[in-house]
Structures are given as C-alpha cells and as structure tokens.
Amino acid sequence: MRQNVQSTNDAKLRKALENMRYKACTEDDIAFLCSRIASDSLDGPSLRDPKFRDVSIITAWNSQKDRINELGAVRFAADHGQELVSFFSDDKWAESDQSIHHSAKKSKQVAHCSDIIGIEDQKALWELSAHTSDHLPAKLDLCIGMPIMIRHNDATELCITKGQEGIVAGWQVGTGTKGQQVLDTLFVKLVNPPTDVQIEGLPANVVPIPRSTTTVAVHLQNDSIKRVVRQQVNILHNFAMTDYTSQGKTRPYNVVDLQHCGSHQSYYTCLSRSASADGTVIMGSFDRRKITGGASGWLRQEYRMLELLDEISLLRYNGELPDSIQGHRRNTLISLYRQWKGDLYVPSRVPDQVKWSAADPLELDDSLESVEWKILNKKDLKAVFVPAQGSIPLQHATPAKRKEVETEDDRPAKKSKTTKNYDGIVDSTGLKWDAINYSCAYDSLFTILFNLWLASPQRWNKHLKNFTPFTDMLLRGFQKTYHHSATLEDARDAVRKMLTSYNSTTFPTGPVSTSASELAHTMMGTDSDPSAWIRCRECGVKVPINKKMSHTYCPVVDEPMSTSDWLTKKWKSTENTTFKCLSCDTFVQGQWQSDSPPKIIILDVYNQPLSIALTVHARGNKLNTKLHLKGVIYYKCNHFTSIIVDHEGRIKFHDGIQSPSLEDSGVFTSTIDCIDLSNWKDAQACLVVYARSL
C-alpha cells in the first residue's frame with residue numbers, strides 16, 4: 025500500500041496485511057476482509073459501482089484470466105455501443121518442429137514435413153486461449169477505448185514495457201497468408217506511464233506497437249505441444265491479470281478474486297496492490313485457512329533470520345556494532361551476533377508474529393564452519409563428482425529400486441495396491457501414555473492420525489500440509505518416526521509443547537486432562553472452511569452461497585440419525601433456493617459444489633443421538649467424495665481410548681495406559697452391521713474420524 029492519508033478502514037487493511045504476511049490474520053482481520061466482499065447490500069462494496077466496472081480483476085489462474093478477458097471484451101463493446109473487430113495471428117510451423125505427444129509409456133514425436141499450417145489446424149490454433157501459447161494470443165477482439173496490457177519490452181525509453189497498461193487508440197490493418205485480418209500496428213494510449221511520451225505526429229502518450237514475430241510452444245487440447253512461429257501484436261486484454269503480473273502495481277481500485285490463490289503470499293500480493301480500503305473489493309469468498317494459523321516452520325525461520333540481519337545492518341550503519349562481528353556469510357554474522365546478545369535476545373523491531381522465546385526458540389545450526397570458495401581447474405572438472413570443500417557427506421543407505429518413503433517435495437509414488445510395513449514399523453502402531461503429563465487425549469487422536477498417515481505418507485503429507493503449524497509439526501514427527509530417527513512419543517511431545525506455548529490453559533501440562541475435542545479443533549483449524557458455490561450457466565462464474573465445507577464439526581442433532589444422514593442433511597442441494605450472480609445479474613440454482621472437498625472429517629458426537637456410519641460423503645466439485653471410518657475416540661472416567669480401522673477393515677483397540685500396542689478385537693467392519701460403535705468397552709464415543717482412502 026502506498027498512501028498519503030489513512031482512514032480507519034485503511035488502518036484495518038494495513039493491519040490485516042501485516043498479519044497476512046506471516047499467515048497470522050486475526051478474527052478482526054477476517055471480519056474486515058469479509059466486509060470488503062462484493063455484495064448488493066448498501067453497506068458493502070458493489071461491482072455495480074461504475075468505478076469498478078472496467079477495473080482489471082486480479083486472479084490466480086491464467087485460464088481464469090483468459091476467460092474473464094474474453095467476457096470482458098464482449099461486455100465492454102456492448103457497454104460502449106461498439107462492435108468487436110477480430111485480428112488473427114499469422115502462424116507457421118517452426119523449423120524442424122516436432123509435435124510431442126505424452127503417453128504413459130514413452131513420448132512419441134512426429135515432425136512436420138512443411139512449415140505451412142493447414143486451414144483446419146490454423147482454425148484450431150485460433151480458438152485456443154492465450155495462456156496455451158505463452159500469453160501471445162492467436163486472436164484479439166478489439167474496439168476503440170478497450171483496456172489492454174503490453175506483454176513485451178519493445179521500447180523501454182518510450183514506456184513500452186511488459187506490464188504497462190493502456191487503452192486502444194487505433195490500428196493499421198493488413199492481410200495474413202490465409203486471407204485473415206491481421207494487425208500491422210496497434211496504437212495504444214498509455215495509462216499513468218512513468219514519464220510522458222510524445223512521438224511526432226501522435227497525441228501525447230500514444231505509442232505504436234508493431235506486429236512482431238515470436239516462436240511459441242502451443243499446448244493443444246490433446247496434451248501435445250507444437251512449436252509455432254507466430255506474428256502478432258504482443259498485447260493482452262486487461263480485464264484480468266494474475267497475481268504474479270500485478271506485483272509492483274498500485275491500484276486506486278483493486279478488485280481481487282482470491283478463491284484459487286495458493287498461499288498467504290498470493291493473498292498478500294493481491295490485496296497489497298490496493299491504495300485504499302474503500303477501493304478494495306473481494307469477489308466471492310476466500311479460504312481463511314490460508315491466512316491464519318501461522319507460517320510454516322521454514323518460512324518463519326527465514327523471517328527471523330532476516331530480522332536479525334536487518335538489526336545487524338542498522339547497528340552497523342549507526343556505528344553501534346562491535347568490530348568483532350564481521351563476516352560475509354549470514355550464518356557467520358548471525359552466530360557472532362547471538363554470541364554477543366544471547367540466544368534469547370529479540371530486537372525490539374521484530375514483529376510479534378515471528379518473535380522467539382524459551383518456549384519457542386530460534387534454533388540455528390551454529391556448528392557450521394565457513395569454507396573458502398575454490399575455483400576448480402580442468403583437472404578437477406574431469407571428476408564425475410566434486411564435493412564442496414568443507415562439506416559433510418550424507419550417509420546413504422544401499423540404493424533400492426524405489427524410494428521407501430518420499431518427502432513432501434518428492435514426486436508422489438504410484439498408489440500401492442496393498443498396504444505394506446514401512447522400515448520395520450508395523451502398519452498399526454499406538455502411543456504409550458505419559459503418566460507425568462497426562463496424554464490420553466493426544467495418544468488417542470495421534471494414534472488414529474498416524475495409522476491413517478502410514479497408509480500413504482506422501483499423499484497425506486501433501487493434503488495435511490499447512491492445515492495449521494501444529495499439523496505441520498506432527499507430520500515432521502511422523503516422518504522422523506518413519507525413519508527411526510525419533511519415536512512416536514517424541515512427535516507427540518513436540519506438538520504438545522507447541523500447543524502449550526500457544527494456549528497453556530486449554531493445553532496444560534502435568535496430571536491434568538486435555539479435551540480431545542479442543543485438541544482436534546485446534547489441530548485441524550476449524551476456521552479454515554472452504555466455501556461452497558453454484559456455477560452460473562450464463563457466464564460460468566462461481567456464485568457463493570454462504571455454505572461451508574469444514575474439516576471438524578460439532579453437530580447439533582434434533583432427532584436420532586446416523587452420521588451419514590446428518591452430513592447429507594447439512595450438505596443438501598439448493599434446488600429450491602436461488603442466488604443472484606453478480607457478474608451477469610441472472611438468478612442461479614442447483615446443486616452446490618466446493619473446490620476443496622475435505623479429505624478428512626472429524627465429528628464431535630459426544631452426547632448426540634448419532635449412530636456411527638462406516639462411510640459418509642463430502643460434497644465437492646465432483647458431486648460426492650466418499651470417506652471411510654478410520655477411528656473413533658471414546659471417553660470414560662476422565663480418560664480417552666480409541667479404536668482404529670486398519671487398511672483391511674479390521675478394528676483394533678488402543679489404550680496407552682495398558683499398552684502402546686493395538687489390541688486386535690477380531691471384528692471386521694464388514695461384519696459390524698449389528699454392533700453399535702457409539703460405545704466400546706463401556707466408554708462413550710466422543711470423536712469420529714472419517715477420511716478418504718488415498
């Protein structure tokens with residue numbers, strides 16, 4: 025944000041952005057952002073407002089950007105009483121072009137014998153969206169006054185640079201090799217250029233953009249890629265742009281679509297383009313989980329180190345840094361600074377969101393020694409592998425055909441048809457109870473989650489990543505247990521320490537019980553509910569309907585029913601209700617959907633008349649997603665126990681006080697039609713865990 029004055033709402037937006045940078049938005053921040061969601065109410069912003077009418081929408085997906093641009097061009101021409109003029113590209117196959125077809129076994133390449141593109145192939149190329157051809161459009165539908173964006177640095181001295189916005193002022197037309205109408209030159213009036221431009225014979229800030237020749241890789245609908253030499257003016261419509269393109273811009277009126285932004289950094293990029301809060305409009309809804317719960321461990325570590333380096337730079341500038349703190353590597357500088365100030369010293373300028381303490385320390389590897397750079401000579405380069413001087417070699421196990429386990433960054437392995445034991449860990453493992461710091465709530469929930477995770481570690485790493493900092497910590501503990509570098513109890517204790525630091529009242533230590541329900545809600549992030557929508561059949565826009573898809577529920581049941589019936593009732597269709605599309609003003613109805621149907625659901629069923637079904641369905645963008653019963657937590661006499669449903673459907677009982685091992689009950693889920701799972705060994709069910717079989 026770049027502001028000369030600041031209103032009350034501007035201060036709220038600024039505070040929300042500060043917290044968003046660290047993925048630490050508060051309830052006040054969420055409430056303020058919700059107040060900026062477009063609506064027809066008198067209090068909130070409306071897309072009907074003329075000042076937002078032709079503002080470029082910031083979105084995350086290139087495919088969405090292209091579709092918004094197509095619809096925006098048609099709407100703009102209608103609003104201004106003009107007809108769109110279509111200008112086509114002039115294409116030919118690139119020399120020695122090979123069309124690459126992706127197949128399951130191997131790639132098949134077919135070369136073109138000529139650079140001439142047949143008329144049918146050319147028509148197919150003209151129908152493709154711009155994002156399929158490196159954002160060089162095959163067809164441009166234009167009219168005078170239409171907003172556009174320049175896509176190439178043609179003449180920086182004339183402000184014809186990539187990302188510069190403008191409006192169409194005129195054009196010169198030519199004829200292509202297939203008789204189509206092509207642009208020879210497009211005249212563009214620059215919008216807010218860095219400096220005024222005056223070209224002889226043209227009005228102020230009007231610049232010519234000639235047709236250029238570029239070789240692009242075109243992604244076809246059959247997944248093949250063709251290289252094409254394309255002649256076209258390198259611009260795009262400017263009714264939408266991606267979050268990446270928007271970087272560095274300051275916008276008096278900022279309309280953003282956050283539904284597909286992948287992270288809090290993307291949210292921050294979109295919203296921080298605003299010059300004011302009143303000029304900010306959020307289309308649809310947004311996922312609270314992506315901007316709450318705290319940054320991941322590695323990102324928070326990076327923020328902390330940058331804050332220390334910033335403090336060191338400031339002290340050096342003011343002449344207050346001791347001469348002994350010298351170095352040209354940040355590890356050396358930070359280590360020396362901490363030796364001077366102490367490991368627990370936190371500079372006053374460090375934001376609260378990343379401050380460290382004895383309970384949440386800043387852990388750095390101070391043992392690394394600085395190594396000198398070495399320029400390799402030709403003799404060194406003859407070696408197949410040259411280790412870095414001073415580096416410590418990794419200890420590798422005997423290579424196997426396949427990786428035994430993959431980390432979050434590895435490519436997912438193919439799904440195994442049968443569940444196997446991993447590194448000697450049996451496929452059903454439990455936690456041992458801590459008699460000093462009562463841990464039965466943690467033991468019961470984490471035992472279910474660990475056995476669920478064991479069925480497909482790499483996939484659950486991906487799906488549970490960034491739920492909350494607590495789930496991230498738990499996943500790291502699971503991986504260490506998997507590799508025999510720590511125990512499952514170590515993973516539990518690390519998460520418990522983090523939870524206690526977060527809220528010592530809710531998550532106490534010592535011989536005091538913790539609520540399993542509060543634990544599940546905090547671990548899974550109950551504020552992170554993706555919203556539901558209906559697709560508008562007229563314009564294709566997603567219309568939010570104010571329903572939520574969440575990972576943890578607290579049911580309120582009026583009459584006895586099963587967990588499956590309760591969820592079906594909650595996720596009912598909207599066939600009898602209509603909602604208004606803010607884009608085309610039509611009324612829509614039908615079955616609602618969600619971009620992110622939950623892959624895991626935890627129901628709090630304590631003292632509720634709910635029978636436990638073996639399967640439930642979660643409403644998603646493919647209608648229904650089936651989830652299977654994976655575990656139940658029971659409560660009796662201030663103590664929690666659990667049952668786990670393994671990959672074969674066998675029910676096993678866990679009580680960490682008696683034994684960390686799981687007790688085989690001899691019961692299979694295929695035979696429990698007549699067994700009531702609401703009670704087990706005289707204990708009452710309180711939490712039920714359902715998950716997809718990945």
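In the working numbering, the protein residues as written are 25 to 718. C-beta atoms are modelled at their ideal positions from N, C-alpha and C, and glycine is treated no differently. Every value quoted in this text rests on a predicted model; they were computed, and no experiment measured them.
- Residue 257 sits buried, since 16 or more C-beta atoms from the chains shown fall within 10 Å of its C-beta.
- When 247, 300, 277, 92 are compared, the shortest CA-CA separation from residue 156 is found for 247.
- Counting C-beta pairs with one atom in each stretch, the segment 288 to 305 and the segment 360 to 373 have fewer than three that are closer than 8 Å, which means they do not touch.
- Residue state for residue 239 is assigned as strand, using DSSP reduced to three classes.
- Taking all protein chains shown into account, residue 310 has 16 or more neighbouring C-beta atoms within 10 Å of its C-beta and is therefore buried.
- Secondary structure at residue 170: coil, using DSSP grouped into helix, strand and coil.
- When the five nearest sequence neighbours on each side are left out, the beta carbons in the same chain lying within less than 6 Å of the beta carbon of residue 639 are those of 650, 652, in order along the chain.
- A Cβ-Cβ separation of about 11 Å leaves residue 630 out of contact with residue 707 under the 8 Å criterion.
- Counting only runs that start and end inside the segment 163 to 208, the beta strand (DSSP E) elements of at least 3 residues fall at 163 to 166, 171 to 174, 189 to 199.
- Contact between residue 145 and residue 201 is absent: CB atoms are separated by about 13 Å, not below the 8 Å threshold.
- Residue range 304 to 307 is occupied by the beta strand (DSSP E) that includes residue 304.
- The C-alpha of residue 506 is placed about 9 Å away from the C-alpha of residue 512.
- With 16 or more other Cβ atoms from the protein chains shown falling within 10 Å of its own Cβ, residue 285 counts as buried.
- Setting aside the 5 residues that flank it on each side, residue 87 is surrounded in the same chain by 153, 155, each with a C-beta closer than 7 Å to its C-beta; the list follows chain order.
- At a cut-off of 4 residues, the continuous stretches assigned as alpha helix (DSSP H) that sit fully inside the segment 291 to 347 are 321 to 341.
- Distance from residue 479 to residue 540 at the Cβ level is roughly 22 Å; contact not present, criterion being Cβ atoms closer than 8 Å.
- With a cutoff of 8 Å on beta-carbon distance, residue 319 and residue 46 are scored as near each other.
- Your pair residue 296 and residue 711 does not check out as a contact, with CB atoms roughly 39 Å apart and the cut at 8 Å.
- Assignment of residue 87 by DSSP, reduced to helix, strand and coil, places it in the helix class.
- If you draw a straight line from the Cα of residue 166 to the Cα of residue 192, it is about 8 Å long.
- When the alpha-carbon of residue 526 is set against those of 48, 34, 642, 578, the nearest one is in 48.
- A buried status is given to residue 623, since no fewer than 16 other beta-carbon atoms sit within 10 Å of its beta-carbon.
- Counting the other CB atoms within 10 Å of its CB gives residue 172 a total of 16 or more, which places it among the buried residues.
- Inclusion of residue 566 and residue 308 in the CB contact set at 8 Å is warranted, their separation being smaller than that value.
- If only uninterrupted alpha helix (DSSP H) runs of at least 4 residues are considered, those enclosed by the segment 32 to 81 are 32 to 45, 51 to 59.
- The DSSP-derived three-state label of residue 687 is strand.
- Scanning its chain for C-beta atoms nearer than 7 Å, with the 5 sequence neighbours on each side dropped, one finds around residue 455 the residues 467, 470, 471, 512, 513, 516, 680, 684, in chain order.
- For residue 212 and residue 194, the gap between their C-alpha atoms comes out near 7 Å.
- Taking 3 residues as the shortest admissible run, the segment 344 to 379 contains no complete beta strand (DSSP E) segment at all.
- A residue is called buried when at least 16 other Cβ atoms come within 10 angstroms of its Cβ; residue 65 does not meet this threshold and is exposed.
- Contact between the segment 218 to 234 and the segment 74 to 93 is absent, with fewer than three C-beta pairs closer than 8 Å.
- Under DSSP, residue 663 shares a beta bridge with 660.
- In the three-state reduction of the DSSP assignment, residue 457 falls in the coil class.
- When secondary structure is reduced to three states using DSSP, residue 709 falls in the strand class.
- Residue pairing by DSSP puts residue 255 in a beta bridge opposite 114, 237.
- If you look at residue 264, you'll find it in the beta strand (DSSP E) that goes 264 to 266.
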